[in-house]
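Protein chains in written order, with our numbering: chain A, 12 to 224; chain B, 63 to 278.
We put the CB at the ideal spot given by N, CA and C, even for glycine.
For clarity, every value in this text was computed on a predicted model and none was experimentally measured.
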C-alpha cells in the first residue's frame, strides 16, 4: 500500500496533544494503523508532550494522596482486553466501533450505489462510513466546515486527484467536489465533518437532510 | 514579539485581560538530564516486573505533581486535577508491565496516560488509539526505521531539538499541549493567520523529523 495523502501535521499534532474530538481522533488513529510515516510523526509529537509535562510547574497533591493511591493498588482492576481481529482489513481502532466485517453492517441506502452508516461518537464532530459501488458518485457538494475522508477500501477520484486505501483527503469550506468511486473493489470511506455538507440542488439537499449528512 | 502585540489588538478573540498567553517555559527546562530520564524508566520497569513499591513511591513523588500541574495548565479545577493525577498514578501501577523503555520514556508514557484520562473524564469522550502492543496491519517491510530504533536515545535528541526550536515555533507547540484550544483559536489569540500557525507546526514537526535523521 502506498499512501500519498496524509492528514497533515496540524491534525497529527492535535491528535497527539488530545485536542481533537473523538470523531477526528478515530479517523487519525485508523490512518495511523495503516501509515508508519504518520505514526512516527505522532510519536515525536508525544515526546514533545512528555517533555512539556516534565517541564510544567509541579502542583503539590494533598498530603493524603499517596496513602489514598496505596490503598487502591491491590484492588482488582478490569483486565486489559485486546479484542481487535487482526485478520480483518478494518483498522483496529475502527473495529472498536463497527466490528470486524464491513458486510455485516446495517448499511443505509442513500441513492444509486451509495450507502452510509453514521458512527456514534462523543464531541462536536460527526463520523460516518460511506460505501460507494464502483462508478457511483456523491452529488457535488461544498462544506460548511472542514471534512476529512479516510479511504478504507477501493479508491475514488475527484477534480483534486485520486484517493486510495489509507489516503486522507482534507477538504476546506472553499472546495466543491464530486467524488466518484473508481472501477475495482467497493470504495468504503470514513468521513468526518465538523458541520453539515452543502449540496448543489434541491433534491440532493433534501436527501442529505433526510440522512443527516 | 507577535503574540505580545496581539494582546493589544482590538480584534483579539477575547478582551485582552482574559487572554492567557503562556509565560513560556525556559528552553533549559526541556533538557531533561538523560541519566535522570533513564532512572525514571528503570523505576517504571521495576514496578512492572516486581511490583516494587519503593520505586512506585519515587515515581509518585516525581510525576504526580507534574501531572497535576499539566492538568491545571489545561484549565482543570484543582480538585479534579488532584483526582486525575491520583488516577494516572494508579494507571501507571496497573499498566507498568506494558511499559517498554525502548518505545518511549517514562515521561512520554505518563503524558499519554494523563492525556487520555483527561479526555475520558473531562470531555467524556473515548480516545481511539492504536494499541502499540498490537502488530500494525501492514507488512514488516513497510515499517520505518523509527519503529525499530531505540526511542530512549531518540528522545534525548528530540528534546534537544525541541529546546532549540525557533521561539515562534516552540510557542505553538507549547500552546498545542498546554492549552485546550484548537489551532484556529490559538491563531486568533496570537493575531496570526491560521495558515501561519499551520506552517509553523509543519516547520517544527520537520525539525523533529530531521533531529532523528529522518529526512525522507
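Sub-7 Å separation of residue 146 of chain A and residue 197 of chain A beta-carbons: Indexing the first chain from 1 puts residue 146 of chain A at position 135. Indexing the first chain from 1 puts residue 197 of chain A at position 186. Cβ distance not < 7 Å, so residue 146 of chain A and residue 197 of chain A don't count as in contact.
Within chain B, the residues that residue 69 of chain A reaches when beta carbons sit closer than 7 Å: In the first chain, residue 69 of chain A corresponds to position 58, counting from 1. The answer, in chain order, is 127, 128, 131.
Nearest-angstrom Cα separation, counted from residue 181 of chain A out to residue 65 of chain B: The sequence position of residue 65 of chain B within the second chain is 3, counting from 1. The sequence position of residue 181 of chain A within the first chain is 170, counting from 1. Note on residue 65 of chain B: pLDDT 37, under 50, position unreliable in the model; the coordinate value appears next. In a straight line, the C-alpha of residue 65 of chain B is about 28 Å away from that of residue 181 of chain A.
Sufficient close CB pairs (3 or more, under 8 Å) joining the stretch 30-38 of chain A to the stretch 139-147 of chain B: no
N- and C-terminal bounds of the alpha helix (DSSP H) containing residue 238 of chain B: As a first step, residue 238 of chain B is located in the second chain; it is residue number 176 there, counting from the start. Note, residue 238 of chain B: alpha helix (DSSP H), 229-240.
Within 7 Å, strictly: CB atoms of residue 49 of chain A and residue 23 of chain A: Residue numbering aside, residue 49 of chain A sits at position 38 when the first chain is read from its first letter. Residue numbering aside, residue 23 of chain A sits at position 12 when the first chain is read from its first letter. It is a contact, given that the beta carbons lie within the stated cut-off.
Buried or exposed by the 16-neighbour rule on C-beta atoms within 10 Å, applied to residue 65 of chain A: Numbered from its first residue, the first chain carries residue 65 of chain A at position 54. By the neighbour-count rule (16 or more Cβ atoms within 10 Å), residue 65 of chain A is buried.
Anticipated Cβ contact below 8 Å, residue 153 of chain A with residue 186 of chain A, distance rounded: Taking the first chain and counting its residues from 1, one reaches residue 153 of chain A at position 142. Taking the first chain and counting its residues from 1, one reaches residue 186 of chain A at position 175. About 7 Å separates the two Cβ atoms, so the contact holds.
Range of the contiguous beta strand (DSSP E) that encloses residue 159 of chain A: Here residue 159 of chain A refers to the residue found at position 148 when the first chain is read from its first residue. 158-164 is the span of the beta strand (DSSP E), which, as asked, contains residue 159 of chain A.
N- and C-terminal bounds of the beta strand (DSSP E) containing residue 138 of chain A: For the purposes of this step, residue 138 of chain A is identified with residue 127 of the first chain, where counting begins at 1. 137-143 is the span of the beta strand (DSSP E), which, as asked, contains residue 138 of chain A.
Host alpha helix (DSSP H) of residue 49 of chain A (start-end): The residue you call residue 49 of chain A lines up with position 38 of the first chain. Segment 47-66, the alpha helix (DSSP H) holding residue 49 of chain A.
Residues that residue 148 of chain B contacts on chain A, provided the C-beta gap is smaller than 8 Å: Taking the first residue of the second chain as position 1, residue 148 of chain B is located at position 86. Per Cβ cutoff of 8 Å: 72, 76, 79, 80.
Contact list for the stretch 169-189 of chain B against chain A, Cβ threshold 8 Å: 169, 170, 171, 172, 173, 174, 176, 177, 178, 180, 181, 185, 186, 187, 188, 189
Test item: CB-CB of residue 67 of chain A and residue 148 of chain B under 7 Å: Position 56 of the first chain, counted from the first residue, corresponds to residue 67 of chain A. Position 86 of the second chain, counted from the first residue, corresponds to residue 148 of chain B. No. Outside cutoff.
Per-residue DSSP class, three states only, for residue 239 of chain A: Nothing about residue 239 of chain A can be reported from this structure: the residues present for chain A run from 12 to 224 only.
Closer than 7 Å to chain A by CB, residue 238 of chain B: Your numbering for residue 238 of chain B matches position 176 in the second chain. Yes, residue 238 of chain B lies at the interface with chain A (some Cβ there is under 7 Å from its Cβ).
Closest by C-alpha distance to residue 11 of chain A, when choosing among A:83, A:167, A:136, A:57: Any question about residue 11 of chain A goes unanswered here, given that chain A covers just 12 to 224.
7 Å Cβ cutoff met for residue 106 of chain B and residue 118 of chain B: For the purposes of this step, residue 106 of chain B is taken as residue 44 along the second chain, with counting starting at 1. For the purposes of this step, residue 118 of chain B is taken as residue 56 along the second chain, with counting starting at 1. Taking 7 Å as the Cβ cut-off, residue 106 of chain B and residue 118 of chain B do not qualify as a contacting pair.
Residues that residue 174 of chain A bridges to, as DSSP identifies them: Start at 1 with the first residue of the first chain, and residue 174 of chain A comes out as number 163. DSSP, once it has assigned bridges, lists A:167 as partnering residue 174 of chain A.
Environment of residue 57 of chain A [buried if 16+ CB atoms lie within 10 Å]: On the first chain, position 46 is the one that residue 57 of chain A refers to. With 16 or more Cβ atoms within 10 Å of its Cβ, residue 57 of chain A is classed as buried.
Residue 148 of chain A - partner residues in DSSP beta bridges: The residue labelled residue 148 of chain A in the question sits at position 137 within the first chain. According to DSSP, which records beta bridges pairwise, residue 148 of chain A is partnered with A:191.
Min CB distance residue 144 of chain A to chain B below 7 Å: On the first chain, position 133 is the one that residue 144 of chain A refers to. Chain B, which has no Cβ nearer than 7 Å to the Cβ of residue 144 of chain A, makes this no.
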